[in-house]
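The block underneath contains the structure these notes are about, expressed in structure tokens.
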Amino acid sequence: MSRVAVLPGLDPATYQRHALHADDQVWVEKNCYIDIWIETVHALGLDPTAMLGFTVALDFEGDQWTFFKPPHGELYELYGVDVQELNVWRPLLDEAVEHLGAGKLISTEADAWWLPDTAGTDYRTQHTKTTIVLQDLDVEARRLGYFHNASYHQLEGEDFVETFRVGKPYDPAYMPLFAELVRIDRVVRRSPAELGALARGYLRRHLARRPVDNPVPRFAARFARDLGWLHEQGLAFYHAWAFATVRQLGAAFELAAAHLRWLGGSGAAGCDGLEPAAEAFTAISTGCKAFILKAARAVNGKRALDATPMMDELAGAWQRGIDTLVARLDG
Numbered sequence: 018m019s020r021v022a023v024l025p026g027l028d029p030a031t032y033q034r035h036a037l038h039a040d041d042q043v044w045v046e047k048n049c050y051i052d053i054w055i056e057t058v059h060a061l062g063l064d065p066t067a068m069l070g071f072t073v074a075l076d077f078e079g080d081q082w083t084f085f086k087p088p089h090g091e092l093y094e095l096y097g098v099d100v101q102e103l104n105v106w107r108p109l110l111d112e113a114v115e116h117l118g119a120g121k122l123i124s125t126e127a128d129a130w131w132l133p134d135t136a137g138t139d140y141r142t143q144h145t146k147t148t149i150v151l152q153d154l155d156v157e158a159r160r161l162g163y164f165h166n167a168s169y170h171q172l173e174g175e176d177f178v179e180t181f182r183v184g185k186p187y188d189p190a191y192m193p194l195f196a197e198l199v200r201i202d203r204v205v206r207r208s209p210a211e212l213g214a215l216a217r218g219y220l221r222r223h224l225a226r227r228p229v230d231n232p233v234p235r236f237a238a239r240f241a242r243d244l245g246w247l248h249e250q251g252l253a254f255y256h257a258w259a260f261a262t263v264r265q266l267g268a269a270f271e272l273a274a275a276h277l278r279w280l281g282g283s284g285a286a287g288c289d290g291l292e293p294a295a296e297a298f299t300a301i302s303t304g305c306k307a308f309i310l311k312a313a314r315a316v317n318g319k320r321a322l323d324a325t326p327m328m329d330e331l332a333g334a335w336q337r338g339i340d341t342l343v344a345r346l347d348g
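Going by our numbering, the first residue of the sequence shown is number 18, and it counts up by one from there.
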């Protein structure tokens with residue numbers, strides 16, 4: 018049998034993505050890594066909203082906001098999902114046959130050039146590194162079912178050949194892309210209250226890791242300094258800048274708001290009174306969407322942009338949200 022599927026029955030045509038990826042979200046796609054985990058956890062019949070407390074520790078790193086990822090230890094404690102690095106010491110296709118056949122998923126970096134779900138952006142247009150989860154593999158038919166971005170998809174034919182480098186001669190200069198093995202044989206299905214109790218503890222821990230100062234003014238100063246440079250580089254470069262900065266800030270706090278609202282309804286003790294923080298974090302998310310569009314117009318038209326009022330609103334929302342969490346969870 019040439020086909021192996023870890024989660025049989027998934028069909029891209031009928032797959033129902035999680036609400037965190039619904040069209041009514043401010044940021045339908047967050048970043049490639051958290052997106053695959055939202056959908057993988059969802060496809061396992063678990064609630065990914067429980068894992069999102071780490072987003073409150075987001076910081077501005079100088080030229081980008083934190084590329085936020087769920088801690089693997091928390092995936093294990095919350096859901097029993099065990100993630101370890103995969104040593105790709107032989108062709109990725111061989112590893113996929115081996116491990117998918119044993120009931121394990123594989124997350125791997127991939128070239129979006131060969132991912133048809135990116136049609137209209139990267140597909141057959143530009144080589145961009147992203148991350149996918151291999152789920153359903155048919156070697157003879159040269160077909161792959163995979164999680165990527167906001168849903169579950171399928172590729173085949175030349176896209177399969179190039180993704181797995183089928184028939185490529187040995188190249189000592191080729192470095193395999195980073196991959197992880199995802200074991201789901203110990204999945205735990207906890208009640209909302211049990212998940213909430215665990216998640217509250219993780220949220221407190223991540224809150225303690227928050228930036229030592231409000232990071233938004235640092236971002237505002239960097240944007241003011243970089244705007245002329247962005248004018249010179251043009252709109253295509255701006256999109257890369259915006260993904261590394263504004264999108265990560267907005268998407269992270271949209272997820273943080275969803276997490277707080279989920280916590281409030283989980284039934285776990287000590288999770289009341291979080292709605293003001295959720296509202297503040299939602300304001301960050303929507304404010305970032307407004308800013309990313311306004312900045313794009315300024316860059317495209319090579320116009321000045323005084324972002325001070327918008328940045329002040331974002332900074333104020335961050336402070337209100339964090340202060341509320343400290344007051345509600347510190348104890």
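Here a beta-carbon is modelled for each residue, glycine too, at the ideal position from N, C-alpha and C.
Length of the line joining the Cα atoms of residue 77 and residue 21: About 42 Å.
Three Cβ pairs or more, each shorter than 8 Å: is that satisfied between the stretch 38 to 57 and the stretch 177 to 188? Not touching, per the Cβ criterion.
Jot down the residue ranges of each uninterrupted beta strand (DSSP E) in the stretch 78 to 150, minimum 3 residues, whole runs only, in chain order. As far as the stretch 78 to 150 is concerned, its whole beta strand (DSSP E) runs of at least 3 residues are 99 to 102 and 122 to 128.
Can you give me the start and stop residues for the alpha helix (DSSP H) that residue 316 sits inside? Segment 292 to 317, the alpha helix (DSSP H) holding residue 316.
In DSSP terms, what residue 161 is bridged to: Answer is 154 and 172.
Exposed or buried, which one is residue 192 when buried takes at least 16 other CB atoms within 10 Å? Residue 192 comes out exposed.
For the alpha helix (DSSP H) that contains residue 278, what are its first and last residues? Per DSSP, the continuous alpha helix (DSSP H) segment holding residue 278 begins and ends at 265 to 281.
Does the structure place the stretch 280 to 289 close enough to the stretch 326 to 335 that three or more beta carbon pairs sit under 8 Å? Judged by Cβ distances under 8 Å, the stretch 326 to 335 makes no contact with the stretch 280 to 289, as fewer than three pairs qualify.
Closer than 8 Å is the cut-off here; do at least three beta carbon pairs connect the stretch 337 to 346 with the stretch 297 to 308? Counting Cβ pairs under 8 Å, three or more are found: they touch.
Just how far apart, CA to CA, sit residue 169 and residue 247? Near 34 Å, if we compare the C-alpha coordinates of residue 247 and residue 169.
Are there 16 or more other CB atoms within 10 angstroms of the CB of residue 166, so buried, or fewer, so exposed? So residue 166 counts as buried.
Candidates 84, 177, 97 and 91: closest to residue 128 by CA position: With respect to the C-alpha of residue 128, the residue from 84, 177, 97 and 91 having the closest C-alpha is 177.
Residue 346 beta carbon less than 8 Å from that of residue 224: Contact: yes.
With the cut-off set at 8 Å, would you say residue 67 and residue 212 are in Cβ contact? Against a cut-off of 8 Å, the Cβ pair of residue 212 and residue 67 comes out as a contact.
Quick one: is residue 254 buried, meaning 16 or more other Cβ sit within 10 Å of its Cβ, or exposed? Exposed.
Output the distance between the C-alpha atoms of residue 231 and residue 237, rounded to the nearest integer angstrom. Taking the straight line from one Cα to the other gives about 11 Å.
Confirm, please, whether the CB-CB distance from residue 55 to residue 75 is below 8 Å. Not closer than 8 Å, so no.
Determine the DSSP secondary structure at residue 216, reduced to helix, strand or coil. Here residue 216 sits in helix by DSSP.
Return the first residue and the last residue of the alpha helix (DSSP H) that residue 331 is part of. According to the DSSP assignment, residue 331 belongs to the alpha helix (DSSP H) that extends over 325 to 346.
With a threshold of 6 Å on Cβ separation, who are the neighbours of residue 342 within its own chain once the five nearest residues in sequence on each side are excluded? Residues of the same chain with a CB within less than 6 Å of the CB of residue 342, apart from the 5 flanking positions on each side, are 224 and 294 in chain order.
Let me see if you follow: with CB-CB separation under 8 Å, is residue 107 close to chain D or not? The question asks about chain D, but that chain is absent: this structure has only one protein chain.
Checking 8 Å against the spacing of the C-beta atoms, do residue 197 and residue 63 come in under that value? At a Cβ-Cβ threshold of 8 Å, residue 197 and residue 63 do not count as neighbours.
Please report the Cβ distance between residue 81 and residue 261, rounded to the nearest whole angstrom; I am assuming they are in contact, meaning their Cβ atoms lie under 8 Å. Contact between residue 81 and residue 261 holds, since their C-beta atoms are separated by about 4 Å, short of 8 Å.
Could you say if the stretch 238 to 245 and the stretch 90 to 97 meet the contact criterion of at least three C-beta pairs nearer than 8 Å? The stretch 238 to 245 is not in contact with the stretch 90 to 97.
Would you kindly work out how many angstroms separate the C-alpha atoms of residue 40 and residue 34, rounded to a whole number? Roughly 10 Å between the two C-alpha positions.
Can you give me the Cβ contacts of residue 42 inside the same chain, cut-off strictly under 7 Å, excluding the 5 residues immediately before and after it? Cβ within range, chain order: 271.
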